[in-house]
Amino acid sequence: MDGVARRADNRGTRVQFVAVSKVCGIETEYGIQHVGGDGNPVTSSSLLVNAYVSEIARVGWDFEDESPGNDARGFARDSALAPEIETHLVNAVLTNGARYYVDHAHPEYSTPECATAAELVIFDKAGEEILRRSMTAAARVLPPSQSIVVYKNNSDGKGNSYGTHENYLMDRAVPFARIARQVMAHFVTRQIFCGAGKVGTETAKAPAGVAYQISQRAEFFEEQVGLETTLKRPIVNTRDEPHADPRRFRRLHVIVGDANLAEVATFLKVGTTAFVLAMIEDDAFGADDLVPANPVSAIRQVAADPTLSASVELSGGRRATALSIQWELLERARKYAETRGCEALGGEDAGNGVLARWESVLHGLETDPRSLAGQVDWVAKLQLLEAYADRHGLAWDDRRMAAVDLQYHDLRPGRSLFGRLGTERLADPDAVERAVTEPPRSTRAYFRGRCLARWADAVTSANWDSLVFDLGTDPLRRIPMMDPLRGTAEHVEELLATCASPAELVARLSGGEKEPTDG
Amino acid sequence: MAEREQKRKQAPSTRDEAVVEETPVAGQGEKLKAELDDLLDEIDEVLEENAEEFVRNYVQKGGQ
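Pasting the structure below:
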């Protein structure tokens, strides 16, 4: 399926915009604590990732095509501020199509590209399982006095934040300014169902005297739009690095989200965002009057109000609560689905599944937020904290409250407080287990993952949009994968099954017999 | 809020669906409440022994 091939109207009278499939992924920087270690988180993170990948075939990452300094607004930034690339660190591509590496002193897992929010939940959960197995593998090589513990959260409570980023495929033809403006309504307010919750505040600009916030990340955002990810973080990030054919595609890099443990929260975070982006892409978002007048202060205001009663000023002049903005976005998404269909969301069933859950969760937030403790992280954590405080007579600033907060995110099976809450599962546990080693069938990650599983020795490097084979003869052979929707199981399963060697695969791909991965 | 009510009147099908969802959500809430009580009974065995030290030592380098 070619994501943008159907743009021209058959009657040829006008151009019909059809949003490209919202291929998506999540990158999570995990918190790491090395008990008894030397205090260097880079070393500890490397040890953790190494311990896991040393037990499996490992292929190096190819940085040649990466250009994180390019800006979606149309200019390239000089190298003085370019993000550092730590090539000496472990950096692996896994057979499930994911990338597992060390970034900014944290272990980071980037899911393979997925076609739907439901599929992405499975691969996000598989990431947690990979981190758990890494802790076990690290324990085998560490002295008994030491251990490495991993937390899936976004801040240490002391003003240091690390990210959980989403990525969405978009049509290059969409003006970036439109995306940046319209998506703001969603980015400021979606935290009411995908915030991970946090005790207190930790930055100077956060509202004072707040006991509990809906979001871990919200108070760290200082700009509306920009290229940064570690300083003066912008709500809309402009990094322009499509990892695909740059003439056709854009990858919207979303840095404003929290790391979710609740599967419903991850599902909604991705599903609703994909909907809003498809609407923007098709110029079907509607009036801009839903966009907050001051997004930076609005996102903090919403985060600091677990009662969901605060209203923010909109650009049209009226005031609205985050909840009423979300109701309006849902209504617009429903209208979009009725008139344009859900193809960009992965089909009618996938799209309708998002709409139904979106509605039931908004309804729950409106009538009885506590009913969502099995679905929404900030509610689950808040309920646990309140019950704990009640039982022990604790104030919100008691250290034990902060300890419960941190340990909600602890990934160790015996220690994870989240794990003991019995929240709703959307992902079939068997599917998650398979996703630890097998790629999604729906995107080019299938080709990447299957090639690595079969011929790791012949793959010298891998990237999101290419694989490089060493066939024992010069030169190295590079297979481009410039379209995220090609190289799927449908395209290449049979080809891979009938190739006896990587040399045969490369020969048949370059011989033009079939070009499933050539964008 | 008034605006919300108005919108819902315009979209009755939307409201019906929401009501259908209510029962399982409430049932799940009861189950979670019971599980929460159990968890509170055993939480002190699960929590890091020294909360003060645990929270103080949890320091991360900023990332993205």
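Keeping their order, the protein sequence lines are chains E and D. For the first sequence, the working numbering assigns the number 49 to the initial residue and increments by one for each residue that follows. For the second sequence, the working numbering assigns the number 1132 to the initial residue and increments by one for each residue that follows. The beta carbon of each residue, even a glycine, is placed where N, CA and C say it ideally should be. Since the structure is predicted, the reported quantities are computational estimates derived from the model, not experimental observations.
Can residue i and residue j be called in contact, C-beta distance under 8 Å?
i, j, result
"E/Glu75", "E/Glu156", "yes"
"D/Gln1191", "E/Gly79", "yes"
"E/Asp458", "E/Val197", "yes"
"E/Tyr148", "E/Val101", "yes"
"E/Val344", "E/Glu250", "no"
"E/Asp204", "E/Leu309", "no"
"E/Cys72", "E/Asn215", "yes"
"E/Ala259", "E/Trp444", "yes"
"E/Ala351", "E/Ile262", "yes"
"E/Gly305", "E/Thr212", "yes"
"E/Pro532", "E/Leu217", "yes"
"E/Phe241", "E/Ala313", "yes"
"E/Thr91", "D/Gln1195", "no"
"E/Arg388", "E/Asp336", "no"
"E/Arg655", "D/Leu1171", "There is no way to answer for residue 655 of chain E, as the model of chain E reaches only from 49 to 567."
"E/Leu496", "E/Val141", "It should be noted that the sequence gives Arg, not Leu, for residue 496 of chain E. Contact flag set, yes."
"E/Leu433", "E/Val427", "no"
"E/Ala292", "E/Arg299", "yes"
"E/Glu311", "E/Val169", "yes"
"E/Leu544", "E/Arg556", "no"
"E/Ile373", "E/Ile283", "no"
"E/Ala392", "E/Ala165", "no"
"E/Val318", "E/Asp219", "no"
By the criterion of Cβ-Cβ separation under 9 Å, what are the contact partners of residue i in chain D?
i, result
"E/Ser209", "Gln1191, Gly1193, Gly1194, Gln1195"
"E/Thr277", "Gly1194, Gln1195"
"E/Leu432", "Leu1167, Leu1170, Leu1171, Ile1174"
"E/Ala153", "Gln1191, Lys1192, Gly1193, Gly1194"
"E/His539", "Those do not exist, as E/His539 stays about 33 Å from chain D at its closest Cβ, beyond 9 Å."
"E/Leu454", "Glu1179, Phe1185, Val1186, Tyr1189"
"E/Arg463", "Val1177, Leu1178, Glu1179"
In this structure, what does DSSP give as the bridge partners for residue i?
i, result
"E/Phe268", "The partner list for E/Phe268 (beta bridge, DSSP) is empty, contrary to what the question assumes."
"E/Ile590", "In the structure displayed, chain E extends from 49 to 567; residue 590 of chain E sits before or after that span and is not available."
"E/Met232", "DSSP output for E/Met232 lists no bridge partner at all."
"E/Cys72", "E/Cys162, E/Tyr216"
"E/Arg482", "Answer is none; E/Arg482 lacks a bridge partner."
"E/Gly274", "E/Asn285"
"E/Tyr148", "E/Ala140, E/Tyr157"
"E/Gln261", "E/Lys246"
"E/Ser359", "E/Thr369"
"E/Ala435", "Answer is none; E/Ala435 lacks a bridge partner."
"E/Gln81", "E/Val197"
"E/Phe297", "E/Asp219"
"E/Pro340", "E/Leu362"
"E/Ser209", "E/Ser203"
"E/Val302", "E/Glu214"
"E/Asp458", "E/Tyr199"
"E/Ser92", "Beta-bridge pairing links E/Ser92 to no other residue."
List, in order along the chain, the chain D residues whose C-beta lies closer than 8 Å to that of residue i?
i, result
"E/Leu469", "Leu1163, Glu1166, Leu1167, Leu1170"
"E/His213", "Gln1195"
Using a Cβ cut-off of 7 Å, pull out every chain D residue sitting near residue i, in sequence order please.
i, result
"E/Tyr436", "Leu1171, Ile1174"
"E/Lys206", "Val1190"
Please check if any C-beta of chain B sits within less than 8 Å of the C-beta of residue i.
i, result
"E/Ala451", "Looking at the structure shown, chain B is missing, and the protein chains on hand are E and D."
At least three beta-carbon pairs within less than 8 Å, the stretch 261 to 277 of chain E to the stretch 228 to 240 of chain E: yes
Interface positions of the stretch 279 to 309 of chain E facing chain D (Cβ-Cβ less than 9 Å), listed along the chain: Leu279, Arg281, Ile303
Residues within the stretch 66 to 99 of chain E neighbouring chain D, beta-carbon criterion of under 7 Å: Glu77, Gly79, Gln81, Pro89
Residues, ordered as in the chain, of the stretch 229 to 242 of chain E that lie near chain D by beta-carbon distance below 7 Å: none
Any 3 or more C-beta pairs closer than 8 Å across the stretch 313 to 329 of chain E and the stretch 370 to 385 of chain E: yes
Segment contact flag, the stretch 358 to 366 of chain E with the stretch 406 to 413 of chain E, C-beta cutoff 8 Å, min 3 pairs: no
Interface positions of the stretch 437 to 448 of chain E facing chain D (Cβ-Cβ less than 7 Å), listed along the chain: Arg439, Arg447, Arg448
Three-pair Cβ contact test at 8 Å for the stretch 162 to 177 of chain E versus the stretch 480 to 497 of chain E: yes
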